[in-house]
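Read top to bottom, the protein sequences are chains A and B. The numbering of the first sequence is our numbering, which starts it at 1 and goes up by one. The numbering of the second sequence is our numbering, which starts it at 1001 and goes up by one. Cβ atoms here follow ideal geometry from the backbone N, Cα and C, with glycine treated the same way. Take a look at the structure set out below.
There are 2 protein chains.
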Amino acid sequence: MTTSRTARERARAELTQEIKDEARRQLAEVGAHGLSLRAVARELGMVSSAIYRYFPSRDRLLTDLIVDAYNAIGEAAEQADPGHDAAPRDRWLAIWQGTRDWARTHPHEYALIYGSPIPGYAAPQDTVVPASRVALALVKTLTHTELRNIDGEVPPELRAQAETLTKALGILAGPETVSRLLMAWTQLFGAISFDLFGQYVGSVDPADAFFAHSAKRMAEFVGL
Amino acid sequence: MTTSRTARERARAELTQEIKDEARRQLAEVGAHGLSLRAVARELGMVSSAIYRYFPSRDRLLTDLIVDAYNAIGEAAEQADPGHDAAPRDRWLAIWQGTRDWARTHPHEYALIYGSPIPGYAAPQDTVVPASRVALALVKTLTHTELRNIDGEVPPELRAQAETLTKALGILAGPETVSRLLMAWTQLFGAISFDLFGQYVGSVDPADAFFAHSAKRMAEFVGL
DNA sequence: CTCTGTCAAGAGCACTGCTCTCTTTTGTGC
DNA sequence: GCACAAAAGAGAGCAGTGCTCTTGACAGAG
């Protein structure tokens, strides 16, 4: 029967999820460095070798957590977006805040995706789509409004890359605007990382005001 | 005699340096995660426990490497600076390039300082001074020239932080300019991190053109 | 020469990721 | 209902890790 087969698979899927959940909980406590397969198994009342029926290696477990984290921060950004009714600028600012809020409440998960890459190099191909969700949310802010296009000399290589992106995103924006969007995207995560990783300690230690200000200036910077 | 005592201390200092050098070499190969005290000791022809006469823990060794790395990237930035004879804008661009070049040739050392923080939380106090060298090099670019000051509303908390920085740096710049400098600083390392950590893969994969363009736009952005 | 502080060496502990073999459980075709 | 095959868990074991503790060698000071 398909039902019994499904029962097996369902049990498997459930345990796979439980392992990930427990791993995520330990991740929040001890970070990626301290995450131990044996500890996860211990907490779940099983023996360490049994984990390997579900994840071929520790790195593979981490890679799955990475994909989940990308989706989680992407969803946080999308949830923060007030939607088409709101003014584009307000949407932009809300997404910035929502992204930062998620990062601050999930510092270790954030570090997993935007910190130094895992030794086993998480396959970029699996992560490239979920990783772009925050950026896409920001871009969506602009598609249904006409932003004042910005002129500016853009070197040929960058112009080519920008045009490829323009087509892929279906956005009406010149190369200078696209490159500014990339800079704003970099600024968003650069600021979050600097804050979370302690780089702002000597200068703008509570970085809330600075972050909010950056969000505004970057909105103007891209022509919003 | 002081000489004999110095001989002892000199031997000790030499071995300490040799351990750090070997550790740095292994760091470049296997990254911070893979750095093993026992492997370092093995390569140096000594036994692992002997290392503990020089470094109380693995984390402490890493912390020392962190300070060295901050100084190295700071020195790279300073070396790239053509000096007071050159135009401020050219100095700015050269420092951006020099910083990125060092990061690209020392990816693991870069990840050590600008990636996810070490589990044992490298004491920020020890690193705050060497960590500011790159930023200081950028600021020096502006001190001996008058940059067109930028007006703009700055919220009170950020204004206060900016004024504290203005005094500490002895720079003639309003709060808006200072906050833009902080944004440029964030942009510099955000872009380097995104490039090195594979975040640009789907968009601006060879990021050279984009980085150079960002350096220009950020120079304008701060009023240079 | 003796005493004292420094250093390297080695054994050992508790832990890790991972592999292997063995046994138990589970679902299915007859 | 039963035998068989696939899946899953248990346990031992390997090689490696950071770190501690004890032991023995050596150099400088009195």
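Listing by chain order, which chain B residues have their CB less than 8 Å from the CB of residue i?
i	result
S57 of chain A	Simply none; closest approach about 14 Å.
E157 of chain A	P1206, D1208, A1209
Q26 of chain A	Per Cβ cutoff of 8 Å: no residues; Q26 of chain A is ~13 Å from chain B at best.
Count the other CB atoms, across all protein chains shown, that sit within 10 Å of the CB of residue i; report buried if there are 16 or more and exposed otherwise.
i	result
P156 of chain A	exposed
I19 of chain A	buried
Y52 of chain A	exposed
Q1187 of chain B	buried
T1164 of chain B	exposed
L953 of chain B	Not covered by the structure: residue 953 of chain B. The range shown for chain B is 1001 to 1224.
P56 of chain A	exposed
T1177 of chain B	buried
R148 of chain A	exposed
T1003 of chain B	Low per-residue confidence applies at T1003 of chain B: pLDDT is 45, beneath 50, and the placement is therefore not dependable enough to give any value.
T141 of chain A	buried
A103 of chain A	buried
V47 of chain A	exposed
M1 of chain A	Because M1 of chain A carries a pLDDT of 39, less than 50, the predicted location of this residue cannot be relied on, and the following value inherits that uncertainty. The residue is exposed, with fewer than 16 neighbouring Cβ atoms inside 10 Å.
R58 of chain A	buried
D195 of chain A	buried
E230 of chain A	Summary: the structure shown does not reach residue 230 of chain A, with chain A confined to residues 1 through 224, and so no result is reported for it.
E14 of chain A	exposed
A72 of chain A	buried
A1076 of chain B	buried
A162 of chain A	buried
A7 of chain A	exposed
A50 of chain A	exposed
CB residue i to CB residue j, shorter than 9 Å?
i	j	result
G1198 of chain B	P117 of chain A	yes
F1210 of chain B	A1191 of chain B	yes
A1207 of chain B	W1092 of chain B	no
D1126 of chain B	T1063 of chain B	yes
R180 of chain A	R1217 of chain B	yes
P88 of chain A	L224 of chain A	yes
L1044 of chain B	L1035 of chain B	no
A1135 of chain B	W1185 of chain B	yes
L1112 of chain B	L1065 of chain B	yes
R12 of chain A	Y54 of chain A	yes
H1084 of chain B	H33 of chain A	no
Residue i and residue j look like a contact to me (Cβ under 8 Å); what is the Cβ gap, rounded to whole Å?
i	j	result
S1193 of chain B	S193 of chain A	7 Å
H1213 of chain B	V129 of chain A	About 26 Å; that fails the 8 Å criterion.
E78 of chain A	R24 of chain A	20 Å between Cβ atoms; not a contact.
D68 of chain A	A137 of chain A	So it is not a contact: roughly 18 Å between Cβ atoms.
A1168 of chain B	Y1070 of chain B	Wrong, their Cβ atoms sit about 18 Å apart, outside the cutoff.
G115 of chain A	G1074 of chain B	No, G115 of chain A and G1074 of chain B are not in contact; Cβ-Cβ is about 21 Å, not under 8 Å.
Chain B partners of residue i, CB-CB under 7 Å?
i	result
A191 of chain A	T1186
V67 of chain A	The premise fails here: V67 of chain A is roughly 14 Å from chain B at the closest Cβ pair, so nothing lies under 7 Å.
S179 of chain A	F1210, H1213
So with CB distances below 7 Å, who are the chain A contacts of residue i?
i	result
R1100 of chain B	By Cβ distance, chain A contributes nothing, its closest Cβ being about 13 Å from R1100 of chain B, past 7 Å.
L1165 of chain B	S203
M1183 of chain B	Q187, S214, R217
V1128 of chain B	V201, G202
Residues of chain A with CB under 9 Å from residue i, in chain order?
i	result
A1111 of chain B	G115, S116, P117
Q1079 of chain B	Per Cβ cutoff of 9 Å: no residues; Q1079 of chain B is ~22 Å from chain A at best.
Only counting runs of 4 or more residues, tell me where the alpha helix (DSSP H) segments fall wholly within the stretch 1146-1191 of chain B, in order along the chain. If we require 4 residues or more, the alpha helix (DSSP H) runs fully inside the stretch 1146-1191 of chain B come out as 1156-1169.
Within the stretch 107-143 of chain A, note down every full alpha helix (DSSP H) run reaching 4 residues or more, in order along the chain. If we require 4 residues or more, the alpha helix (DSSP H) runs fully inside the stretch 107-143 of chain A come out as 107-114, 124-131, 133-143.
Considering only residues of the stretch 1043-1073 of chain B, which uninterrupted alpha helix (DSSP H) runs meet the minimum length of 4 residues and lie entirely inside it, listed in chain order? Fully enclosed alpha helix (DSSP H) runs of no fewer than 4 residues occupy 1048-1051 of the stretch 1043-1073 of chain B, in order along the chain.
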